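Here's the structure, in structure tokens; my notes come after.
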Amino acid sequence: TLRALVLPTCTQRLQPVPYWPETPEVQTLLERLGTPLPLRDERELNILWASTAIISAFYAFLETVGDWAAGRGVAPATAEDYTASMAHALARVALNGGTDRFARLAAEAATPGGLNEQVVGTLRAGGAYVNYVNVREALDAVLARIEIARPIS
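Last residue of the sequence shown: 227 (the numbering used here), numbering continuous.
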């Protein structure tokens, strides 16, 4: 059975299209949607599928930032456009990062005494970093749900 992870963003060719099992015919077909990403096994596909469950949380985070800026006087459209552009730029930088890129980029952005370090400190003091464990737990629950619905053959 062929399985592919085709998200709505594929209409804009913005991301790879993971699939399993690897076959040349599928590779050719998926090139129309984005960069085909053959996976080693079906479990790998399930894990990546579970990771897509952060999409709504990602947008909710951006909404908070945009609403915050608009609430302090920036035109709402400007606040949203800037926030979306910043997220896009940060993601583009992360694409070229190699392994452990997210931890490294986070550390590089949090310069001592800087604004990013201040926000990280505030989030840590408020327990947000501790709550990131909940992200892992939520993703584990999503993965379990996927694996119950679609047992690996």
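All residues carry an ideal CB built from backbone N, CA and C; glycine is no exception.
Here the structure is a predicted model, which means the values were calculated and not measured.
- In this structure, DSSP gives Val91 an extended state, which the three-state scheme calls strand.
- With fewer than 16 neighbouring CB atoms inside 10 Å of its own CB, Tyr206 falls in the exposed class.
- Using a Cβ distance threshold of 8 Å, Leu76 and Val100 count as a contacting pair.
- A distance below 6 Å between beta-carbons, with the five flanking residues on each side excluded, links Arg175 to the following residues of its chain, in chain order: Ala168.
- Within the same chain, Ala153 come within 6 Å of Ala143 by CB-CB distance, once the 5 residues on both sides are set aside.
- When the five nearest sequence neighbours on each side are left out, the beta carbons in the same chain lying within less than 6 Å of the beta carbon of Pro150 are those of Ala144, in order along the chain.
- Between the stretch 89–106 and the stretch 114–130 there are three or more inter-stretch CB-CB distances shorter than 8 Å, so the stretches are counted as touching.
- Secondary structure note for Leu197: its alpha helix (DSSP H) is the uninterrupted segment Leu189 to Ala199.
- Sixteen is the threshold: since fewer than 16 other Cβ atoms of the shown chains lie within 10 Å of the Cβ of Thr185, the residue is exposed.
- When C-beta atoms of the stretch 191–202 are compared with those of the stretch 210–220, fewer than three pairs fall below 8 Å, so the two segments do not count as touching.
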